[in-house]
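FYI, our numbering numbers position 11 of the sequence shown as 85, with every residue one higher than the one before it. Built from N, CA and C at the ideal position, the CB exists for glycine as well. Worksheet for the structure shown next.
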Amino acid sequence: MKYLERELAKHLRQKLIPNKILMIHGARRVGKTVLIKHLLPELEEDALILNGDDIGVHDLLSRRSAENYRQLLGSSQLLFIDEAQLIPDLDRFSS
75 MKYLERELAK HLRQKLIPNK ILMIHGARRV GKTVLIKHLL PELEEDALIL NGDDIGVHDL
135 LSRRSAENYR QLLGSSQLLF IDEAQLIPDL DRFSS
């Protein structure tokens, strides 16, 4: 991993707070997904990765209840949603 990627990964680890949303945004194809994929093996927590390109993910997240999210996460403590901007009504995800 390059120096800049290591520094960004370190910064992200410090920003991960339980039960909080951390949004990583930027121009397309600058390496946001690659950065997360480098970061995941370093984390102690299990993570679930979903992709907003997948219509099935839209259906999974449309059922907005605590129980649905618990079932979805299973033993995972972190949820990463790549291409999250493609999920309808995502702004209500945290409600």
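For residue i, the nearest candidate out of the options (CA to CA)
{"i": "Leu55", "options": "Ile129, Ile91 and His99", "result": "This structure does not reach residue 55, given that the chain is present from 75 up to 169, and the question cannot be answered."}
{"i": "Val104", "options": "Asp127, Leu78 and Tyr143", "result": "Leu78"}
{"i": "Glu157", "options": "Asp128, Lys84 and Lys76", "result": "Asp128"}
{"i": "Glu119", "options": "Glu141, Arg87, Ala140 and Ile161", "result": "Arg87"}
beta-carbon residue i near the ligand ATP non-hydrogen atom, thresh 8 Å
{"i": "Asn93", "result": "Among the components modelled here there is no ligand, and therefore nothing to report on the ligand ATP."}
Residue i vs residue j beta-carbon contact at 9 Å
{"i": "Leu51", "j": "Leu114", "result": "Only positions 75 to 169 of the chain appear in the structure, and residue 51 is not among them; the question remains open."}
Contact belief for residue i with residue j at Cβ below 8 Å, rounded distance in angstroms
{"i": "Lys106", "j": "Ile98", "result": "5 Å"}
{"i": "Leu146", "j": "Leu164", "result": "Contact flag wrong, Cβ pair sits at about 15 Å."}
Close Cβ partners of residue i (< 7 Å) along its chain, the five nearest in sequence each way excluded
{"i": "Gly100", "result": "Lys106"}
Inset, instruction - Please confirm if the stretch 145-154 is in contact with the stretch 111-125, defined as three or more CB-CB distances below 8 Å between the two stretches. - result: Cβ pair count under 8 Å is three or more, so yes.
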